[in-house]
Every structure is written in structure tokens, then in C-alpha cells.
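Q:
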Amino acid sequence: MTESSTAPVLLWFRRDLRLADHPALTAAVATGRPIVPVYLLDGDDPGGRPLGGAARWWLHESLAALGHALEARGSALILRRGPPGEALVALARETGADTVYWSRTVGVDEAALAARLEDQGVAARRFGGCLLFDPDAVRTQQGRPFQVFTPFWNRVLALDPPPRPEPAPSHIPAPYDWPAGDALEDWALQPTQPDWAGGLRATWAPGEEAANAVLDGFLDGPIDCYAEARDALGVDGTSRLSPYLRFGEVGPRTLWHAVRDRPNDPSAEVFLRELGWREFCHHLLHEHPAMAETPLKESFAAFPWRDDPAGLEAWQTGRTGYPVVDAAMRKLWRTGWMHNRARMIVGSFLVKDLRIDWREGERWFWDTLVDACPANNPCSWQWIAGCGADAAPYFRIFNPVLQGEKFDTTGRYVRRWVPELARLPDRVLHKPWSASAPILREAGVQFGETYPGRIVDHGEARDAALKALATITDRVSG
């Protein structure tokens with residue numbers, strides 16, 4: 001297909017809401033042709049899955065920031081709705097564009113989309129930037145996708161490093177006439193009745209500029225102790241970059257080089273490995289687009305999950321009677337984010353102590369996390385449940401008391417998010433049911449009144465979970 005040297009180029013923003021480290025944008029600017037940036041609200045996640053509430057709030061803020069950044073460079077952001085195959089063709093016809101540039105992502109059939117556009121006379125140009133490496137470039141010696149993380153990561157480290165990121169362009173050529181677009185406010189991405197996003201606004205500042213500030217802050221200090229502090233629940237020892245990565249306000253190549261440039265730094269290597277886990281999850285989604293609904297280990301389709309609406313609600317609202325679980329779930333609701341160690345603790349509690357289907361947890365996280373990612377979220381839940389690729393075995397069952405005592409040693413995390421337990425001494429804080437009546441009285445704790453009793457006994461729940469596992473193990477072996 002021959003492209004006009006003067007026709008506008010459509011630049012389709014997706015999970016890459018930034019101007020730096022954006023190969024599709026860099027290539028579009030290099031053509032010298034007018035550029036029409038566009039964002040489509042519908043149909044660009046696996047299965048056309050709508051965004052959850054917290055992610056919708058973030059998206060509103062991120063699109064507003066991107067729009068301002070484009071305007072500062074002489075451009076604008078056009079907002080449209082509809083499936084890409086229809087919306088992009090319609091916009092191309094309105095503007096006279098004959099080409100669409102976009103960043104490749106995973107979980108959707110981009111080849112089919114490109115073919116559909118080509119059939120309508122619109123060329124499709126796809127670029128990297130959302131991942132470190134194209135999934136088809138990271139394969140086993142037999143040419144198959146990796147199913148285990150460590151050999152995957154070793155293979156990644158053996159490859160040539162990803163290209164260094166390009167800076168944002170200082171100017172973006174504009175078309176003579178701008179097409180009409182939706183007003184961001186008309187999308188109603190932010191909650192109103194009720195407005196539950198106060199904690200999100202107090203915690204986060206979405207957008208590329210904020211992402212760079214968070215990255216700079218991480219590199220200026222916390223990364224030095226990342227290897228040791230990243231598991232401590234009451235310490236700001238993590239990067240807090242995950243929502244910025246999820247929406248592409250910072251690119252993985254930017255993080256890779258910013259951290260890799262720190263030689264002989266053990267914490268840098270640990271952080272890069274976490275970036276590698278993100279990459280692994282996306283490569284799995286490339287192979288398994290239905291990962292949010294279908295266990296990768298087929299035997300788990302027969303697992304005897306429990307139908308327990310009351311238990312699920314107690315878990316969702318942080319009323320399980322296990323302080324570290326409740327603290328994590330309450331923080332999630334308030335801030336839209338949860339520490340990675342806490343995600344493992346609450347995930348294990350849901351699928352093993354309560355034996356509730358991991359998909360219920362995945363759906364709750366999808367709705368409440370600002371970093372709810374179509375790859376990381378289901379992949380991590382399958383890891384916790386023991387049914388995914390390179391998953392933790394199902395019989396690895398976290399003890400919520402021991403996890404709390406180990407990773408919230410001083411009780412700072414629990415006391416911040418479960419304040420009704422704040423006056424309990426450290427020795428019983430993570431197991432308040434073991435406290436004597438005088439201690440409970442002095443701390444103002446009354447089970448069933450100020451704080452719930454345990455909804456399940458961990459020891460008994462662990463035994464029941466292992467028996468449930470045996471039912472599918474027997475079916476597989478038989």
C-alpha cells in the first residue's frame with residue numbers, strides 16, 4: 001500500500017500514555033506529516049473487558065495530563081469510543097489519514113486488526129515500547145514460549161539489551177483541521193455518587209510528569225535498600241511505579257536503563273527481576289488471552305471451590321479477623337494499591353483459607369487496584385492459586401499470623417490501617433484472639449463489636465485446603 005507524503009498519520013495511544021520512550025510517536029514525527037493523536041475508550045483489552053473503577057479514575061487523570069502535554073507541543077488528543085477496527089477507519093476517513101501508528105501490546109489480535117484496516121485502505125504500522133522484548137523473540141531452544149520464570153529471565157538477560165529510550169519530541173506537527181472528539185468529562189470515568197476516590201486523589205498524581213518524579217525519587221534513595229525493604233509492610237521500600245507502568249506513563253525500557261546503569265548494585269538486580277516478572281506475565285498473556293478466566297493448569301478446572309458470599313465480603317472489606325489481611329484490604333480500598341507481599345498474603349488467605357475461587361479475587365483486584373493490569377493481575381492470581389505457569393504449589397499456604405509477625409514486625413502497618421487494634425501490644429497484635437481478657441479490655445478490643453472474630457481457623461482451613469487439592473490430584477493421577 002502506498003502512503004501519501006502529505007496525508008495525516010493517526011497515532012493511536014493505548015497502554016502508552018506518554019511522549020518520551022514512545023517509538024510509534026518518534027517514527028510518526030520523523031515522517032514530517034501532520035499527526036492526529038487519538039485514544040479509544042472501548043475494545044482494547046483482552047476480551048473487551050471494561051476497566052475497573054480505580055483504573056477508570058486513573059485513566060481520566062492520565063488522559064488529562066497527556067492532553068496537556070500534547071497541547072504544549074502544538075498538538076491535541078482526540079477522544080473517541082468504539083472498537084478500534086471501526087473507530088480508526090472512521091477517523092481516517094474524516095481526516096484523510098492513510099496510516100495508523102501504534103505500540104504493540106498483547107492479549108488482543110493485532111494482526112486481525114491490521115488486516116481489517118488494510119482492507120479499508122488504511123496502513124497499520126506497529127512499534128515496540130510497551131514491553132522490553134517482543135514475545136516472539138524470547139523462546140526456548142525448541143522455539144516454544146517459556147512456562148517457567150527463571151529460565152525465561154536468564155534468556156532475557158542473554159539477549160541484547162532493549163534500545164535506549166528516545167526523549168519526547170519538542171514539537172508535534174498538527175493537521176490543518178482537527179476532527180471532533182468526545183469531552184473527557186462526558187466519559188464519566190470518575191465516581192460521583194458516591195465519590196469514593198478521595199483516598200486515591202490523596203495518594204496518587206497520575207501522568208508522565210508524575211511518573212518521572214516518582215522514578216527520580218526512587219533512584220535517589222529507596223532503591224539502595226530495595227532488596228531488603230521491599231517486603232517490609234510498614235516501610236516505603238517499594239518503587240510505587242506499577243500504576244505508571246500499567247498505563248504506560250513510564251516505559252519499561254526507561255526503567256531498565258535507569259536501573260541497569262547502576263553497576264554492581266544487588267538492589268538494582270532485584271528490581272530488574274521484578275520488571276522481568278512483569279515481562280513474563282505479558283508474554284504469557286500473549287499465548288493465553290483468556291488467562292483471567294481459564295486456569296493454565298487444566299486440572300484446576302475441577303477444583304472444589306467453595307461458594308461463600310459472606311466470606312468473600314469479609315475479605316473484600318477487611319473484616320476477616322486476621323489483622324494483616326484486614327490491613328491490606330482496607331488500604332487497598334482507600335488508596336487503590338497494595339504492597340506485593342500483602343498481595344500474596346491476602347491472595348493465599350482467599351484461595352486457601354477460605355477456598356474461594358481465585359477468579360473472585362482477580363475480579364476484586366481488577367476493580368480496586370489503580371495498577372490492575374490485564375497481564376500481571378490474572379497471572380499473579382494464578383501463581384497464588386497454584387494453577388498458573390511457574391505457579392507456587394497449592395500446598396504452599398501462608399500462615400497470616402506468621403506473615404504479619406515477620407513482615408510487620410513493629411505492627412506499624414496493622415496499627416495504621418486497623419486502628420481499633422492500635423493499643424494492643426506487639427506480641428498479640430497479629431493474633432488478638434490470643435490476648436488475655438485484661439489486655440483486650442485495656443486496648444478497647446471487643447470481638448464482634450469493635451473488631452470481628454476470626455471467620456476461619458487457619459489450621460483447620462489449611463487441612464481442608466490440602467484435602468481439596470487431593471481430589472484433583474487423584475483425578476489427574478487416576
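Sequential numbering from 1 applies to the sequence shown in the UniProt record's numbering. Note that the Cβ used here is the ideal one computed from N, Cα and C, for glycine as well. Computed from a predicted model, the values in this text were never measured in an experiment.
Just to confirm before moving on: does the CB-CB distance between G356 and W305 stay below 8 Å?
A: Position check: residue 356 holds Ile in this sequence, whereas Gly was assumed. Cβ atoms of I356 and W305: closer than 8 Å.
Q: Does the separation of the CB atoms of T335 and T203 fall below 8 Å?
A: Yes. Within cutoff.
Q: What's the gap between the Cα of A422 and the Cα of V445?
A: Going by the C-alpha atoms only, they are around 10 Å apart.
Q: Consult DSSP for V148 and reduce its assignment to one of helix, strand or coil.
A: Three-state DSSP puts V148 in coil, outside helix and strand.
Q: Under the three-state reduction of DSSP, which class applies to I35: helix, strand or coil?
A: Here I35 sits in strand by DSSP.
Q: Under the rule that 16 or more other beta-carbon atoms within 10 Å means buried, what is D44, buried or exposed?
A: Under this definition D44 is a buried residue.
Q: Under 8 Å, do A385 and V351 count as touching if we go by C-beta distance?
A: A contact, by the Cβ cut-off of 8 Å.
Q: On a CA-only basis, which of Q120, G129, R125, P8 is nearest P23? Give me that one, please.
A: Of the listed residues, the one whose Cα sits closest to P23 is G129.
Q: According to DSSP, what are the bridge partners of T99?
A: Per DSSP, V9, A123.
Q: In whole angstroms, what is the alpha-carbon distance linking F247 and T409?
A: Rounded to the nearest angstrom, the two C-alpha atoms are 34 Å apart.
Q: Which of the three DSSP states is assigned to residue 511 in this structure?
A: With the chain covering only 1 through 478, there is no way to say anything about residue 511.
Q: Quick check: the segment 152-171 against the segment 56-65, are at least 3 beta-carbon pairs closer than 8 Å?
A: They do not touch, by the three-pair rule.
Q: Would you mind reading off the limits of the alpha helix (DSSP H) that contains L246?
A: Correcting the residue identity first, residue 246 is Arg in this sequence and not Leu. Here the alpha helix (DSSP H) through R246 covers 242-246.
Q: By how many angstroms is the C-alpha of R73 removed from the C-alpha of L40?
A: Each residue's alpha carbon lies about 21 Å from the other.
Q: Contact between the segment 224-238 and the segment 256-273: three or more CB pairs below 8 Å?
A: Counting Cβ pairs under 8 Å, three or more are found: they touch.
Q: Nearest by alpha-carbon distance to V250: which of E208, I455, H288 is it?
A: Per the Cα distances, E208.
Q: Between L424 and A443, which are expected to be in contact by the criterion C-beta below 8 Å, what is the C-beta distance as a whole number of angstroms?
A: The Cβ separation is near 5 Å, so the contact holds.
Q: Got a sec? Which residues, its chain only, sit under 8 Å from W433 by beta carbon, not counting five neighbours each side?
A: Once the five neighbours on either side are set aside, the close Cβ partners of W433 are G321, F447, G453, R454.
Q: So, for T31: in the same chain, excluding its five sequence neighbours on each side, which residues have a beta-carbon less than 7 Å away from its beta-carbon?
A: Once the five neighbours on either side are set aside, the close Cβ partners of T31 are V9.
Q: Report the rounded CA-to-CA distance for V235 versus L19, giving the unit in angstroms.
A: If you take the alpha carbons of V235 and L19, they lie about 32 Å apart.
Q: Beta strand (DSSP E) containing R415: first to last residue?
A: It is not in any beta strand (DSSP E) - R415 instead sits in the alpha helix (DSSP H) that spans 412-417.
Q: CB-CB under 6 Å to G53, same chain, minus the five flanking residues each way: which ones, in chain order?
A: Result list for G53: D367, in chain order.
Q: Near H288, which residues of its chain fall below 8 Å by C-beta distance, leaving aside the five closest residues on each side in sequence?
A: Contacts found: T294, L296.
Q: Excluding the 5 residues flanking residue 495 on each side, which residues of the same chain have their C-beta closer than 7 Å to its C-beta?
A: No answer is possible for residue 495: the residues shown for the chain start at 1 and end at 478.
Q: Take F152 and list the residues in its own chain whose beta-carbon comes closer than 6 Å to its own, dropping the five residues that flank it on each side.
A: These residues qualify, in order along the chain: F146, F280.
Q: Only counting the same chain, and skipping five residues up and downstream in sequence, which positions put a Cβ closer than 6 Å to that of M291?
A: L285, P378.
Q: Return the residue from the list C225, R278, E405, V418 that minimises the CA-CA distance to S380.
A: Closest option to S380, Cα to Cα, is R278.
Q: For a test of the three-state rule: what should DSSP assign to Y226, helix, strand or coil?
A: Looking at Y226 - three-state DSSP - the assignment turns out to be helix.
Q: Specify the secondary structure class of F395 as computed by DSSP and reduced to three states.
A: Here F395 sits in coil by DSSP.
Q: Leaving out five residues on either side along the sequence, give the residues of the same chain with a beta carbon under 6 Å from the beta carbon of A327.
A: Y413, V414, W417, V418.
Q: Report buried or exposed for Y176, applying the criterion of at least 16 other Cβ atoms within 10 angstroms of its Cβ.
A: So Y176 counts as exposed.
Q: Taking the alpha-carbon of P161 as reference, which of A468, W256, T192, L369 has the nearest alpha-carbon?
A: Comparing Cα-Cα distances from P161 to each of A468, W256, T192, L369, the minimum goes to W256.
Q: Looking at the structure shown, is F303 part of a helix, part of a strand, or coil, going by DSSP?
A: Coil, per DSSP.
Q: Quickly, what does DSSP pair I78 with across the bridge? List them, please.
A: In DSSP, I78 forms a bridge with V38.
Q: Cβ atoms of G276 and V156: under 8 Å apart, would you say?
A: Contact flag set, yes.
Q: Compare the Cα-Cα distances from G48 to each of I35, G82, R396 and report the closest residue.
A: Comparing Cα-Cα distances from G48 to each of I35, G82, R396, the minimum goes to G82.
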